[in-house]
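To convert, count from 1 in the sequence shown and add 162; that's our numbering.
See below for the structure under consideration.
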Amino acid sequence: MSNLLRLIGRRLIALPIMIFGVTILVFFIMALSPIDQAYSVLGENATEAQAEQYREEHGLNDPILVQYGNFIVGLVQGDLGTYGANNASVADRIGEALPVTLQLTFFGLIIGVVIAVILGVISALYRDRWPDQIIRVFSIACIATPSFWLAVLMILLFSSMLHVLPASGPLPSLTADPGGWLARMAMPAIALGVPVAGQLTRVIRTSMVEELDKDYVRTALGAGIPKRVVVARNVLRNALITPVTVLGLRIGYLIGGAVVIEVIFNLPGMGMAILSGIQSSYTMLVQGVVLCVAITFIIINIIVDMLYILIDPRIRTV
């Protein structure tokens, strides 16, 4: 238990260090942007005097390190600045968009994991037979299919031709209208989860095959324990260690892919927030959204890393 707590403590200590590094990277990259925040907010018709007044009021004339310090202070207080002529809050915009992105990410993750576990286990149990061959071809096709291309195909089929699923429109609340939410999220989540399912299927199959060839499996089967019991209790758990690691590496793809998919399906998530910020030259909005996505990615990977420690007891003795 002490080793487990020590390993988890290391991850938690690394969390603020990584977040601090991300803030430096995002802030200074955005600081190099040629876009003048004053004119992007006030408009191109603003006078130089008005622009200069805006820069003074918002600290844009301060040295870059002072600006970064003010940015960190605001970040700790939950203030990521404002954007637009109405001085809309970046934090409020993120508060509206982030839940949509997380819902899409985890829905796509669930779809990908469920498909991968089912197909990966079947493929391993029927190794080198026709179910295995079909699943191999299917997994390769999933890996080779870009999410955005699959999204367009599904819109053409299920929305334009069959009219069974909406491709745009408002997103219903998950708690108030679960059916409407599911119908609106189905195509984006499938488009996001299918490529992940293809990769995980191959990883799970390989891990399952390796476990099925080990001595303890043959010993258990020789002792008369039913194969389904051995697979469910021992083989599957041991075989999921490597896929969990791969899944942690794919979290970044899922979040980044969700941002792109949101734009295709017009979902009011972080992708649309970034797009509107870029189109309107709202650097503070783009900076806040990118930083939030990066921090979310770090936190999720830390959670997956700790989950890996819990799944594999051997790590706890390191």
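Quick reminder that beta carbons are idealized off the backbone N, C-alpha and C, glycines included.
{"Check": "Pair within 9 Å by beta-carbon distance, VAL252 and THR244", "Outcome": "yes"}
{"Check": "Buried or exposed (CB count within 10 angstroms, at least 16 for buried), PRO308", "Outcome": "exposed"}
{"Check": "Reduced DSSP secondary structure (H/G/I, E/B, other) of SER443", "Outcome": "coil"}
{"Check": "Straight-line Cα distance separating LEU411 from PRO332", "Outcome": "32 Å"}
{"Check": "Start and end residues, alpha helix (DSSP H) containing ASP254", "Outcome": "252-287"}
{"Check": "Run of the alpha helix (DSSP H) containing GLN239, from where it starts to where it stops", "Outcome": "No alpha helix (DSSP H) contains GLN239, which DSSP labels as neither H nor E."}
{"Check": "Inter-residue Cα distance where the pair is PHE459 and MET323", "Outcome": "37 Å"}
{"Check": "Contact under 9 Å by Cβ, ALA139 with ALA259", "Outcome": "This structure leaves residue 139 out entirely; the chain is present only between 163 and 480."}
{"Check": "CB of GLN199 within 9 Å of CB of ALA278, strictly", "Outcome": "no"}
{"Check": "Rounded separation between ASN463 and ALA176 - CA only", "Outcome": "12 Å"}
{"Check": "Classification of PRO350 by the beta-carbon crowding that lies within 10 angstroms, buried from 16 upward", "Outcome": "buried"}
{"Check": "Sufficient close CB pairs (3 or more, under 8 Å) joining the stretch 261-270 to the stretch 389-397", "Outcome": "no"}
{"Check": "Any 3 or more C-beta pairs closer than 8 Å across the stretch 295-306 and the stretch 422-429", "Outcome": "no"}
{"Check": "Rounded separation between VAL358 and THR209 - CA only", "Outcome": "51 Å"}
{"Check": "Runs of alpha helix (DSSP H) wholly within the stretch 341-394 (minimum 4 residues, chain order)", "Outcome": "377-384 and 389-392"}
{"Check": "DSSP three-state assignment for THR307, whether helix, strand or coil", "Outcome": "coil"}
{"Check": "Rounded straight-line distance, which links the Cα of GLY240 to that of ILE256", "Outcome": "11 Å"}
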